[in-house]
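Contents: one structure, followed by commentary.
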Amino acid sequence: MKPGLHTVTDGRGLLFGGDYNPEQWPEHVWEEDAALMRAAGVNLVTVGVFSWGRLEPAPGERDFAWLDRVLDLMHGAGVAVDLATPTASPPPWMGHRWPETLPVDESGTTLWYGARNQWCPSSPVYRARSLEIVTDLVERYADHPAVAMWHVGNEYGQVCHCDLTAANFRRWLTARYRTLDELNTAWGTTFWSQHYSDWAEILPPRTAPYIVNPSQRLDWARFCSDALLDQFKAERDLLRARSDKPVTTNYMGLFKPVDYWSWAPEQDIISNDWYPDLADPRFPARAALTHDLMRSLAGRKPWMLMEQSTGAVNWRPHNLPKPAGQLRLESLQAVARGADGVCYFQWRQSAFGAERFHSAMVPLAGPDTTAHEEVRAHGLELQQLSAVAGTEVRADVALLHDWNSWWAAEERARPSDRLSVVEQLTDYYYPLWQRGVTVDLARASSELLAYQLVIAPSLFVLSDEDAAALTAWVRAGGVLVVGPFSGLADPRGHLHTGRFPAPLREVLGMSGEAWRPVDGDLSCSWRDETGFNTSGFRARDWTETIRAEGAEVIATFDDSHSPAVTRHEFGAGVAWYIATLPDADGLSALTTRFLKDAGVEGVLHSLPPNVEAVRRGDLLFLLNHGDGTVSVPFDGDAVDVLTGTPLHDGAQLAPRGVAILRQHSGA
Ligand code: GLA
């Protein structure tokens, strides 16, 4: 069987641990670390993410002795190691000796060493030096019994605009377009006299006097994601050539610069870093959405939370600590949504460096702290859940999210910058999350047969083939919901001519002719009598002038009386179009209708506010994100698997409490 997360969880159960940076501490502290890890049920640590300078103190020198001792110590303590390639932060000698390895921003400014990420994905020197250290690392440790998996780099996302990158961009464009004529057509260079007569004239989008060509920028975004992937693959291939252990790199959720759909097939394990902003009232739903994305990237199989924080981070302007119980709640939320590992940044809080004020599993105040006690209790509790590892989460609903469309939709010089792809995604996700409806993320080109309801909150770029596939899917019985500003552009970023959304007109049974951003919000009324228990809703910032062409008008804008929401019965299915940004009540009412059309229900009949419910395998996870105690009713009998308590017809959840139930009957 292919190496994967199961290779690491087999015999270990759910993975629990964190980034471990022993090089910041004298060796006597390592002994204490090992003892504390054991006591806290830690079974996996990520070592070496930022160790390049310790492993190669000067060009070509090697110092692995300390890492030998760390790995032996971890093995002795029964803690497996996720061994990192140290390539996210080259030592200062690299930028000093070879300044061309340093990244350059849009304005031509060099980004110097002294922080991290100071490397250019197109630099041959960086590539060669990074592969040398990776080769030596894997040669030395491939057979070390502590090493259970590999972690390549860290949070890929660095972009560079230098001349080396320009040359690589041209190579990438040549492979895509073959001829300059093709490129000129794709970039629409008859506009503003941008015609290219020689490949050598083509540059990355650099700081320019005015708005840069959006098709050029779209290809640039694609290129940057591919260039980083190329570096990942080069390192991964060296690891794979010598080791049969699975390889990962840690994602950053809905991170715009990197198209994780194109990255996911290249990894053995999908892993993510997640740091919620506790000041955001919707942060629990955003967490759920991000976890669902990771599970979807993993092919609806388990994934791993590589980093989260036990308490406050240090990189927001004002860093809120986590209240008691929050660490456990967030971690179990990830498990509920398919995580087979819940790890932290980092094991021991740094006493120096840029992250001195970041929380950790062992705070600077030591193990005799509430924070560490919570960590230990949680680690031990996870051992009771080892049977959860490998089980799956099923969803009947898919939300479409596509990086190419995201890049293109948010280019400068558009009708309104108040349309945000991620906010629209979150807006549509939220009422589903509130109802305990589990959601996968997918692309328009994905296989959608598993789903009854597919929602595309924002799909600005849509190819004709993908539109045809969506149309066929609805004809065969699917329920499709399309949000505003969708189906407008082809994969080059060129707008379709004719009434919009051209490729979806037939399936939606409507068409539009103008975008009408508005200042503030405006009222909308339902036209359809059934199913809504509000008289109307408010819509903000955005409206479109559309007309029904076979669809039923479900809601209208009160100012113009023109349609705001349409519903079209098409073949055996239904297609909705939403020509605005409805408020939460409006979207909630609409979601009830979408679900009814699709015959989809939440995992429980009703859920109190702030309670999340999700089924994983044969377990029902109930998570209380609120500050008060709540009762969650369900039919029949269940057992709380953590406490062994039998329950009848419902469970009580303390503030930030979690119940994991095995139900015997009922729903
Ligand atoms: C990211 C990085 C870590 C650390 C944390 C701090 O996730 O991968 O190295 O900087 O952020 O929150």
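Going by this note's numbering, the letters in the sequence shown line up with residues 1121 to 1787, in that order.
We treat Cβ as the ideally placed atom computed from N, Cα and C, and that holds for glycine.
Classification of residue i by the beta-carbon crowding that lies within 10 angstroms, buried from 16 upward
i: Ala1208; result: buried
i: Ala1518; result: buried
i: Ile1674; result: buried
i: Gly1640; result: exposed
i: Trp1343; result: At residue 1343 the sequence reads Phe, which differs from the Trp that was named. Buried, since its Cβ has 16 or more Cβ neighbours within 10 Å.
i: Arg1736; result: buried
i: Asn1392; result: buried
i: His1281; result: buried
i: Arg1436; result: exposed
i: Met1194; result: buried
i: Leu1409; result: buried
i: Leu1274; result: A quick correction: the sequence has Asn, not Leu, at residue 1274. Buried, because 16 or more other Cβ atoms sit within 10 Å of the Cβ of Asn1274.
i: Glu1176; result: buried
i: Gly1168; result: buried
i: Glu1732; result: buried
i: Pro1080; result: Because the chain spans 1121 through 1787 in this model, residue 1080 falls outside it and cannot be assessed.
i: Leu1773; result: buried
i: Glu1202; result: A small correction: the amino acid at residue 1202 is Asp; Glu does not occupy that position in the sequence shown. Counting Cβ neighbours within 10 Å, Asp1202 comes out buried, since at least 16 surround it.
i: Arg1249; result: buried
i: Val1149; result: exposed
i: Gly1607; result: buried
i: Ala1787; result: Unreliable placement is indicated for Ala1787, whose pLDDT of 45 sits below 50; no coordinate value is reported for it.
i: Leu1767; result: buried
i: Met1426; result: buried
i: His1498; result: buried
Supposed contact pair residue j and residue i - C-beta distance, whole angstroms, cut 8 Å
i: Arg1402; j: Tyr1550; result: 6 Å
i: Ser1416; j: Asp1560; result: 5 Å
i: Thr1676; j: Cys1644; result: 6 Å
i: Leu1134; j: Asp1488; result: Incorrect: roughly 26 Å between the Cβ atoms, too far for contact.
i: Val1433; j: Tyr1395; result: 5 Å
i: Trp1307; j: Asn1288; result: Wrong, their Cβ atoms sit about 18 Å apart, outside the cutoff.
i: Leu1164; j: Val1190; result: The Cβ separation is near 14 Å, so there is no contact.
i: Ser1429; j: Ser1506; result: So it is not a contact: roughly 24 Å between Cβ atoms.
i: Pro1404; j: His1745; result: 4 Å
i: Pro1637; j: Pro1535; result: 5 Å
i: Gly1414; j: Ile1390; result: The question names Gly, yet the displayed sequence has Met at residue 1414. The pair is a contact, with the Cβ atoms about 6 Å apart (cut-off 8 Å).
i: Phe1170; j: Tyr1276; result: Actually they are not in contact, since the Cβ atoms of Phe1170 and Tyr1276 sit about 15 Å apart, beyond 8 Å.
i: Leu1762; j: Val1752; result: At roughly 15 Å, the Cβ-Cβ gap does not stay under 8 Å, so Leu1762 and Val1752 are not in contact.
Where the beta strand (DSSP E) containing residue i begins and where it ends
i: Ile1780; result: Val1778 to Gln1783
i: Arg1687; result: Pro1683 to Phe1690
i: Asp1283; result: Where Asp1283 is concerned, there is no enclosing beta strand (DSSP E), although the alpha helix (DSSP H) it sits in stretches over Asp1283 to Tyr1297.
i: Trp1423; result: Trp1423 to Glu1427
i: His1271; result: Val1267 to His1271
i: Gly1137; result: Leu1135 to Tyr1140
i: Phe1677; result: Glu1672 to Phe1677
i: Ala1562; result: Val1559 to Ala1562
i: Val1279; result: No beta strand (DSSP E) holds Val1279; DSSP gives it neither H nor E.
i: Thr1166; result: Leu1164 to Val1167
Span of the alpha helix (DSSP H) around residue i
i: Cys1344; result: Pro1334 to Arg1362
i: Pro1253; result: Here the sequence assigns Ile to residue 1253, which means Pro is not the residue at that position. Ile1253 -> alpha helix (DSSP H) spans Pro1244 to Tyr1261.
i: Leu1175; result: Trp1172 to Leu1175
i: His1126; result: Leu1125 to Thr1129
i: Val1149; result: Glu1147 to Ala1159
i: Glu1302; result: Leu1300 to Trp1307
- Start-end ranges of the alpha helix (DSSP H) lying completely within the region 1692 to 1768, minimum 4 residues: Whole alpha helix (DSSP H) segments, 4+ residues: 1704 to 1718.
- Task: Only counting runs of 3 or more residues, tell me where the beta strand (DSSP E) segments fall wholly within the region 1568 to 1655, in order along the chain.
- Result: 1573 to 1576, 1599 to 1602 and 1630 to 1646
- Query: Pairing CB atoms from the region 1313 to 1323 with CB atoms from the region 1622 to 1631, are three or more of them under 8 Å?
  - Reply: no
- Can you list the alpha helix (DSSP H) stretches of 4 or more residues lying completely in the region 1380 to 1417, in chain order? 1380 to 1383 and 1403 to 1417
- Runs of beta strand (DSSP E) lying entirely within the region 1186 to 1252, each at least 3 residues, in chain order: 1200 to 1204
- 3 or more residues per run - each beta strand (DSSP E) lying fully within the region 1492 to 1552: 1517 to 1520
- Is there contact between the region 1651 to 1662 and the region 1553 to 1570, where contact requires at least three CB pairs shorter than 8 Å? No contact exists between the region 1651 to 1662 and the region 1553 to 1570.
- Message: Taking 8 Å as the cut-off, does the region 1407 to 1426 touch the region 1522 to 1533 (at least 3 CB pairs, one atom from each stretch)?
- Response: no
- Message: Give the list of continuous alpha helix (DSSP H) stretches no shorter than 4 residues that lie fully inside the region 1426 to 1500.
- Response: 1446 to 1456
- Message: Check whether the region 1341 to 1356 and the region 1367 to 1386 touch, using three or more Cβ-Cβ pairs below 8 Å as the test.
- Response: yes
- Task: Answer yes if the region 1714 to 1731 comes into contact with the region 1540 to 1556, meaning at least three C-beta pairs across the two stretches below 8 Å, and no otherwise.
- Result: Touching, yes.
- Indicate whether the contact test is met: 3 or more Cβ pairs, each with one atom in the region 1695 to 1711 and one in the region 1596 to 1608, closer than 8 Å. yes
- Task: Could you tell me whether the region 1603 to 1620 touches the region 1503 to 1518, using the rule of 3 or more Cβ pairs below 8 Å?
- Result: Taking a contact to require three or more Cβ pairs closer than 8 Å, the region 1603 to 1620 and the region 1503 to 1518 do not qualify as touching.
- Message: With a threshold of 8 Å, are at least 3 pairs of Cβ atoms found where one atom belongs to the region 1466 to 1473 and the other to the region 1133 to 1147?
- Response: yes
- Meets three-Cβ-pair contact criterion under 8 Å: the region 1481 to 1498 and the region 1567 to 1586: no
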